[in-house]
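Engineer: The structure that follows is given in the form of structure tokens.
Numbering (the numbering used here), first residue to last: 383 to 512.
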């Protein structure tokens with residue numbers, strides 16, 4: 383093959399290999415929802431969401447749609463959250479969600495959180511729910 387052909391083929395091959403190994407071309411990899419670091423990221427995201435929410439009730443994750451990790455420390459979490467029977471100040475893990483349609487609320491949310499590993503601190507980069 384000529385040098386020009388390799389210059390064209392190499393980037394395409396790199397993208398195909400990345401996609402084949404679960405990596406998006408922009409550097410994200412899919413991660414299992416039960417990964418311990420993902421669970422920590424989800425807990426942090428929900429704590430931040432509940433702190434910022436004006437609702438008196440807590441929300442919790444009811445379904446994880448997708449989790450992506452970039453460079454080991456940034457997570458993009460796409461989840462469904464739902465309003466629980468517990469008011470703020472309760473432990474959300476043990477709270478059932480509302481079954482009454484008048485009180486039940488659920489949203490699909492995208493949380494982007496970053497772990498400053500060397501500082502041991504999480505930061506909410508983006509929060510969007512609809």
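C-beta: ideal position from N, C-alpha, C; glycine also.
Quantities reported herein were computed from a predicted structural model and do not represent experimental measurements.
Within this structure, are the beta carbons of residue 461 and residue 413 separated by less than 8 Å?
Structural biologist: Cβ atoms of residue 461 and residue 413: not closer than 8 Å.
Engineer: So what does residue 488 bridge to, in DSSP terms?
Structural biologist: 464
Engineer: How many angstroms separate the CA atom of residue 457 from the CA atom of residue 478?
Structural biologist: Rounded to the nearest angstrom, the two C-alpha atoms are 26 Å apart.
Engineer: Grab me the residues of residue 453's own chain with a C-beta within less than 8 Å of its C-beta, minus the 5 sequence neighbours each way, in chain order.
Structural biologist: 409
Engineer: Report the residue from 472, 423, 411, 440 whose alpha carbon sits nearest the alpha carbon of residue 495.
Structural biologist: Ranked by Cα distance from residue 495, the options 472, 423, 411, 440 are led by 423.
Engineer: Please report the residue range of the alpha helix (DSSP H) in which residue 428 lies.
Structural biologist: 418–434
Engineer: Over what stretch of residues does the beta strand (DSSP E) that includes residue 449 continue unbroken?
Structural biologist: 439–452
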